[in-house]
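Everything in the sequence shown is counted per UniProt numbering, starting at 1 for the first residue and increasing by one.
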Amino acid sequence: MRLQAFKYALVLACGCGCVGVADALADDAAGVVKTVKGKVQIERAGSSSGAAIGGEVYGSDRIVTGPESSVGITLRDSTQLSAGANTVLDLNRFAFNSTTHDGVLDATIKRGSLAVISGKLAKANPDAVRFSTPTTTLGVRGTEFIIEVGDTGERAR
């Protein structure tokens, strides 16, 4: 009964010119959590929940790892992100068109470490991919790199 009521609500919403709820959520998913070790939280829209393998990550999420913790995330364009212990990573914006490979990836590493293996977006349009730290903004020109942000600054390799 609930499912049928939900379907009617979607039909009514779409009939009023609104975007369907399911379509809007599917379009916003930036990627999927592939690995979790220790305590990893995903903060979204004012709430926080534990990260789980297979869980979706969205373009406005904050990922926070605890001590001796890590998380691996694969974005829709095949970019691989691996955040180490005590990391705060803000996914400021992510969009990717799988047909044209157009889009944007904008992330900020507030503290901790992040290893990145670039995906289709960086290969097709390197200017569309940007990683920032408290003091520096990195444009992606290579395919693999590591960013470390500590109390005294950051180091990119």
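Ideal Cβ placement from N, Cα and C applies to all residues, glycine included.
Just so you know, these numbers come straight off a predicted model, no measurement behind them.
Exercise for the section: Name the one or two DSSP bridge partners that A107 has. Expected result: Translated into the one-based positions of the sequence shown, residue 107 becomes position 107. Answer is L91 and F131, bridged to A107.
Practice task
Could you please give the first and the last residue of the uninterrupted alpha helix (DSSP H) stretch that includes K123?
Solution key: Reading the sequence shown from its first residue, position 123 is the one you call residue 123. Per DSSP, K123 belongs to the alpha helix (DSSP H) from K120 to A124.
Problem - Rounded straight-line distance, which links the Cα of E148 to that of G50 - result: Along the sequence shown, one-based indexing puts residue 50 at 50. Along the sequence shown, one-based indexing puts residue 148 at 148. Straight-line Cα distance between these residues: approximately 23 Å.
Problem - Close Cβ partners of G59 (< 8 Å) along its chain, the five nearest in sequence each way excluded - result: The sequence position of residue 59 within the sequence shown is 59, counting from 1. Answer for G59: D28, A30, L91, N92, R93, F94 and A95, listed in chain order.
Handout entry: Candidates H101, G139, I63 and A107, of which the one nearest E43 by Cα
Key = Walking along the sequence shown from the start, residue 43 turns up at place 43. Ranking H101, G139, I63 and A107 by Cα distance to E43 puts I63 first.
Practice task
Starting from the Cα of K39, find the closest Cα among S69, A45 and S48 and give me that residue.
Solution key: On the sequence shown, position 39 is the one that residue 39 refers to. For the residues S69, A45 and S48, the minimum Cα distance to K39 belongs to S69.
Practice task
Taking only the alpha-carbon atoms, compute the straight-line gap between L114 and H101 and give it to the nearest angstrom.
Solution key: Taking the first residue of the sequence shown as 1, we reach residue 114 at position 114. Taking the first residue of the sequence shown as 1, we reach residue 101 at position 101. For L114 and H101, the distance between alpha carbons rounds to 23 Å.
Practice task
Tell me where the beta strand (DSSP E) around G38 begins and ends.
Solution key: For the purposes of this step, residue 38 is identified with residue 38 of the sequence shown, where counting begins at 1. It is not in any beta strand (DSSP E) - G38 carries neither H nor E in the DSSP assignment.
Exercise for the section: Answer yes or no: do G119 and S82 have a C-beta to C-beta separation smaller than 8 Å? Expected result: Position 119 of the sequence shown, counted from the first residue, corresponds to residue 119. Position 82 of the sequence shown, counted from the first residue, corresponds to residue 82. Contact: no.
Handout entry: DSSP bridge partner residues for I146 (one or two, in chain order)
Key = As a working note, residue 146 is residue 146 in the sequence shown. Per DSSP, A115.
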